[in-house]
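Each remark here refers to the structure printed beneath this line.
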Amino acid sequence: MYLLVGKQKVVRIDPSESESPIGLHDVERAVTELPRLARSHAEATGALHQPDLPR
14 MYLLVGKQKV
24 VRIDPSESES
34 PIGLHDVERA
44 VTELPRLARS
54 HAEATGALHQ
64 PDLPR
């Protein structure tokens, strides 16, 4: 990942654990839930620097 965008542009987020963790092979659920969770966490912590990113 760092080679593509640069380490300074990568922000690690550690959201709180959910009551029902996403299974390792549950790709459909991960693709549905994780982008929204990441955006929500980034907005709440001020880590989202580009408000025009696609949703």
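The sequence shown maps to residues 14 to 68 in our numbering.
Beta carbons: idealized from backbone N, C-alpha and C, even for Gly.
Pairing Ser29 with Arg42, the inter-Cα distance amounts to about 17 Å.
For Pro48, the enclosing alpha helix (DSSP H) stretches over residues 40-58. When the beta-carbon positions are compared, Ile26 and Ala55 come within less than 8 Å of each other.
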